[in-house]
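Residue numbers (our numbering): 8 to 390.
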């Protein structure tokens with residue numbers, strides 16, 4: 008079976024190359040100062056523009072030379088990330104020739120350089136399917152920024168993993184490298200999505216492989232908040248919304264007046280949303296009312312189609328709830344494109360959904376009364 012290997016990446020590959028006896032004394036302090044800076048931030052700062060042009064460039068050259076000329080043991084000592092990958096393949100990278108590797112990097116100058124060095128090394132050693140995934144706002148300049156960045160990572164990681172069939176790929180999280188905070192979060196993510204998580208005993212090359220744990224979410228505790236969770240998966244909502252009052256704090260992130268799912272909230276929701284969104288009973292989203300004809304159209308649909316429909320209704324509810332004129336927001340939305348029928352049905356509206364599906368409805372103030380759902384032709388003939 009092939010593997011999808013997701014590796015967290017830090018910057019020690021660069022910083023460990025500083026020779027405190029020979030290199031200028033300011034190198035380490037300047038690297039530390041700019042650890043969470045992007046390339047653009049460094050270039051635009053007169054006091055630290057030398058960090059990229061002199062320090063990082065010099066360290067990069069040293070690392071390249073050692074990676075190109077070192078033996079396996081030396082390479083493993085040089086890079087924690089590569090140490091984990093070599094351990095995964097029992098020091099024979101040829102075993103992974105058909106595997107896919109994704110390196111998780113922050114958008115800082117140091118992290119991107121480090122990731123690209125590792126990416127090139129793996130590609131040069133026949134692991135051709137290696138790419139770097141750069142996530143903005145994943146640096147440690149503040150806990151709030153980091154949490155927001157992690158919250159953005161979850162759906163992207165989930166989508167990446169979904170592209171690899173379960174019966175053909177084993178999902179492996181390599182958490183030997185990377186920042187401690189990043190490792191901690193990915194350890195939790197791995198409990199939900201990975202078949203195994205690998206570490207290396209500190210001070211050795213012995214790999215620890217932790218198999219997938221049977222994580223089960225108590226759906227009964229999630230059920231009372233399914234509407235709120237479904238909507239926050241689709242976008243931010245205003246924290247003043249009364250229905251958010253009792254939602255557990257660790258499920259959400261607050262940014263000013265808005266609230267969205269935290270990393271933990273996303274993980275919990277991802278585990279149970281398919282069951283909750285495929286039920287025979289439609290979720291009671293704010294600003295949306297279901298006519299009996301709409302319920303009749305919904306009930307016989309497959310579980311997958313019910314999930315897609317309710318995800319889109321959750322997004323529609325966000326637009327209606329968050330905007331003073333939610334109907335206009337629905338009209339301007341690139342997917343929904345809410346609009347009025349012409350001719351004999353000129354008093355009825357309709358909007359688009361993915362996979363050639365459509366919903367007919369009536370706009371009432373800032374609310375929508377949903378009438379029919381189904382394929383394009385079915386709804387148009389019977390709005």
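Even glycine gets a Cβ: it sits at the ideal position worked out from N, Cα and C.
Using the beta-carbon count (16 or more within 10 Å), is residue i buried or exposed?
i: residue 245; result: exposed
i: residue 208; result: exposed
i: residue 17; result: buried
i: residue 313; result: buried
i: residue 109; result: buried
i: residue 337; result: buried
i: residue 60; result: exposed
i: residue 272; result: buried
i: residue 169; result: exposed
i: residue 104; result: exposed
i: residue 14; result: buried
i: residue 155; result: buried
i: residue 317; result: buried
Give me the residue from the options with the minimum Cα distance to residue i.
i: residue 249; options: 62, 86 and 232; result: 232
i: residue 126; options: 133, 175 and 138; result: 138
i: residue 225; options: 283, 213 and 256; result: 283
i: residue 361; options: 315, 229 and 227; result: 315
i: residue 343; options: 331, 332, 366 and 328; result: 366
i: residue 118; options: 142, 133, 99 and 339; result: 142
i: residue 180; options: 169, 194, 174 and 173; result: 194
i: residue 167; options: 107, 253 and 63; result: 107
i: residue 213; options: 384, 97 and 348; result: 97
i: residue 319; options: 359, 52, 383 and 62; result: 359
i: residue 302; options: 380, 153 and 386; result: 380
i: residue 230; options: 124, 253 and 218; result: 253
Are the beta-carbon atoms belonging to residue i and residue j less than 7 Å from one another?
i: residue 115; j: residue 20; result: no
i: residue 324; j: residue 295; result: yes
i: residue 199; j: residue 147; result: no
i: residue 11; j: residue 178; result: yes
i: residue 300; j: residue 378; result: yes
i: residue 216; j: residue 203; result: yes
i: residue 391; j: residue 95; result: The chain is shown only over 8 to 390; residue 391 falls outside these bounds and no answer can be derived.
i: residue 74; j: residue 113; result: no
i: residue 9; j: residue 175; result: yes
i: residue 352; j: residue 390; result: yes
i: residue 87; j: residue 184; result: yes
i: residue 41; j: residue 55; result: yes
i: residue 310; j: residue 285; result: yes
i: residue 83; j: residue 76; result: no
i: residue 328; j: residue 293; result: yes
i: residue 227; j: residue 243; result: no
i: residue 6; j: residue 70; result: The displayed coordinates of the chain run from 8 to 390. Any statement about residue 6 would go beyond what the structure contains.
Using three-state DSSP, classify residue i as helix, strand or coil.
i: residue 249; result: helix
i: residue 201; result: coil
i: residue 138; result: strand
i: residue 83; result: helix
i: residue 166; result: helix
i: residue 381; result: strand
i: residue 376; result: strand
i: residue 226; result: helix
i: residue 307; result: coil
i: residue 419; result: Beyond the ends of the chain as shown, which are 8 and 390, falls residue 419; an answer cannot be given.
i: residue 277; result: helix
i: residue 363; result: coil
i: residue 111; result: strand
i: residue 157; result: helix
i: residue 266; result: strand
i: residue 399; result: This structure gives no information on residue 399, because the portion of the chain shown stretches from 8 to 390.
i: residue 152; result: helix
i: residue 25; result: coil
i: residue 317; result: helix
i: residue 92; result: helix
i: residue 296; result: strand
i: residue 15; result: strand
Cα separation between residue i and residue j?
i: residue 161; j: residue 277; result: 9 Å
i: residue 220; j: residue 201; result: 9 Å
i: residue 157; j: residue 304; result: 38 Å
i: residue 307; j: residue 289; result: 12 Å
i: residue 92; j: residue 240; result: 33 Å
i: residue 78; j: residue 134; result: 17 Å
i: residue 39; j: residue 25; result: 12 Å
i: residue 388; j: residue 374; result: 24 Å
i: residue 182; j: residue 364; result: 42 Å
i: residue 128; j: residue 23; result: 18 Å
i: residue 281; j: residue 190; result: 28 Å
i: residue 196; j: residue 186; result: 15 Å
i: residue 333; j: residue 64; result: 51 Å
i: residue 321; j: residue 48; result: 38 Å
i: residue 340; j: residue 326; result: 9 Å
i: residue 261; j: residue 382; result: 38 Å
At least one CB of chain B closer than 7 Å to the CB of residue i: is that the case?
i: residue 15; result: Given the protein chain composition of this structure (a single chain), no chain B is represented.
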